[in-house]
Every structure is written in structure tokens, then in C-alpha cells.
Amino acid sequence: MSLRLGDVAPDFTAQTTEGEISFHNYIGDSWVVLFSHPADYTPVCTTELGTVAKYKAEFEKRNTKVIALSVDGLESHKGWIKDINETQNTTVNFPIIADEDKKIAALYDMIHPNANEKFTVRSVFIIGPDKKIKLMITYPASTGRNFEELLRVIDSLQLTANYSVATPANWKAGEEVVIAPAISNEEAVTKFPKGFKIVKPYLRLTPQPNL
Ligand code: BEZ
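Those letters in the sequence shown? Residues 2 to 212, per my numbering, in order.
1. Classify SER143 as buried or exposed, calling it buried when 16 or more other Cβ atoms lie within 10 Å of its own Cβ.
2. Pair every Cβ in the stretch 104–120 with every Cβ in the stretch 27–43, then say whether three or more of these pairs are closer than 8 Å.
3. Express the C-alpha separation of GLU76 and ASP41 in angstroms, rounding to a whole number.
4. Use the C-beta contact count for ARG205: other C-beta atoms within 10 angstroms, 16 or more gives buried, fewer gives exposed.
5. Can you list, in chain order, every residue whose CB sits closer than 5 Å to a heavy atom of ligand 1?
6. Write down every uninterrupted run of the alpha helix (DSSP H) in the stretch 66–150 whose length is 4 residues or greater and which is fully enclosed by it, in chain order.
7. Can you check which of these residues, ALA116, ILE184, GLY129 and LEU50, is closest to ALA29 by C-alpha distance?
8. Taking its Cβ as the centre, do 16 or more other Cβ atoms sit within 10 Å of PRO182, making it buried, or is it exposed?
9. Under 8 Å: do the stretch 98–107 and the stretch 57–64 share three or more Cβ pairs, one atom per stretch?
10. With distances taken between CB atoms, is the gap from MET111 to LEU6 smaller than 8 Å?
11. Between which two residues does the alpha helix (DSSP H) harbouring THR52 extend?
12. My assumption, with CB atoms under 8 Å, is that GLY145 sits in contact with GLU49. Please give the rounded CB distance.
13. Under a three-way DSSP split, which group does ARG5 fall into?
14. Suppose only complete runs of 4+ residues qualify. What are the alpha helix (DSSP H) ranges in the stretch 154–204, listed by chain order?
15. Looking only at C-alpha atoms, which of THR161, GLN209, ARG153 and ASN26 sits nearest to PRO171?
16. Would you call ILE68 buried or exposed, if buried means 16 or more other Cβ atoms sit within 10 Å of its Cβ?
17. For ILE22, which residues does DSSP report across the bridge?
18. Please check the pair TRP32 and ILE127, which I expect to be a contact at CB under 8 Å, by giving their CB distance rounded to whole angstroms.
19. Taking only three categories from DSSP, how would you classify LEU35?
20. Assuming the contact rule is C-beta atoms closer than 8 Å, LYS135 and LEU158 should be a hit. Round their C-beta distance to whole Å, please.
21. Let me make sure I understand the geometry here. Which of VAL125, GLY80 and LYS198 has the alpha-carbon closest to that of ILE155?
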């Protein structure tokens, strides 16, 4: 059966460009972005991995590790990293999994045969410190990902894990959030001391509570 939100992310051991990892140990107490790309030495993937390297500090600020995967081998990854560093003016600073036998791609359902029989699609999994899957997005090979969006989702996930709120459409860190429907107005008074607006009984807005 395919993976769903809330499932424990399957554990695995793998060779990566930064040595062998055991995935659950690698997650540790962090959040993790696991993302697959179709193949080494391809143009969109080159820009994606260069971009992620430049965003490393932003992920670290959010206690988040990033780890990439493709079904190419370690030597191919290592050669390609030199090209990424050169062309994207960066240094790849996170592990890339070599999944030549497609074991992990199968565990995470990253090969969509009607899109491409051999290569992984652009899957993204955000996994929490509890090892559970918090987000899954699948992009086609022809569309590079928006890593600002992944940071935005991590901000939302981390906020909503700690407060009884949810984040509205296009929300960005610092903006108003909505109060979870399960919270009564009486409870909201104590939980949200900055106050809240009742737009409709089911739509109540409050300033971001952790600022
Ligand atoms: C790319 O990363 O550039 C790419 C990979 C597979 C198909 C199309 C583009």
C-alpha cells in the first residue's frame, strides 16, 4: 500500500555521498526533507540541488536536514556534484542517496511508471522528528521545485505542531493564523492573549502566537 500522511517514514540504510546512513538515525531529533530527482547530469536537477545547497542555512534554522535521492550510483553523484558546484556557484553540502537498486524509490513509491518506467519523479517528503510523514508532494520531471514553498510549509508544520492554529492560503511566517475549530471562544481568550477576530464563527484570526 502506498504511503500516506501520518505514516511512519520507512526506515532504510543507504550509501550516500556523505557515507552510509541509517535513515531513522539520520532523522534523529530533526525534521527532514527527503526529495528525489529523476537522474544525475540533467539540467533542472542541477539547478535544484544547487538551490538547496544555498538554502542549507534556512533549513538548519528550522532544525531541518535535507537529503536527496536518485537511482544513479555514488561515482555518478560525485562527478555530478563537481558540475553543480561549478555551474551553480555553490558547494553541495548535504547527502545524495545512491539508490541504484531502486530499493528506496520502491519503498517511497517514487517511480511512477506511467510517467517514466526507469526514473524517480520529483517526490518530496517532509518528515517530523517523530519519524512520521507530514507532507508529500509529487512534481513532474519537467518542473523544478519551489524550495521557498518547502520552507513555508515547514514553518507552518512547526507552528501548528505547537499551537492550536492552522495557516491560511498563501500564509507566510509572521502573518495572521486561524484558530483551530476545536478551540471554543472561551478557550481562545486564554490561549491567544494577543486577541482574535471573529470573521465568522468558524473563521477566527489571531496574530502568529509564537512571535
Ligand atoms: C532535468 O532534471 O532537467 C530533467 C530530468 C528528467 C526529465 C526532464 C528534465
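We put the CB at the ideal spot given by N, CA and C, even for glycine. Note that the coordinates shown come from a computational prediction; the quantities given were computed from them, not determined experimentally.
Let's see:
1. exposed
2. A contact exists between the stretch 104–120 and the stretch 27–43.
3. Looking at the two C-alpha atoms, the distance is approximately 11 Å.
4. buried
5. PRO39, THR43, PRO44, VAL45, CYS46 and ALA142
6. 75–89 and 104–108
7. Note that residue 29 is Gly in the sequence shown, not Ala. It is GLY129 whose Cα lies nearest to the Cα of GLY29.
8. With a 10 Å radius around the Cβ and a threshold of 16 neighbouring Cβ atoms, PRO182 comes out exposed.
9. With contact defined as three or more Cβ pairs closer than 8 Å, the stretch 98–107 and the stretch 57–64 are not in contact.
10. no
11. 44–55
12. 5 Å
13. coil
14. You should have 186–192.
15. Reading the sequence as shown, one finds Asn at residue 171 and not Pro. Of the candidates THR161, GLN209, ARG153 and ASN26, the one whose C-alpha sits nearest the C-alpha of ASN171 is ARG153.
16. buried
17. ALA15
18. 7 Å
19. In this structure, DSSP gives LEU35 an extended state, which the three-state scheme calls strand.
20. 5 Å
21. Nearest option by C-alpha distance: VAL125.
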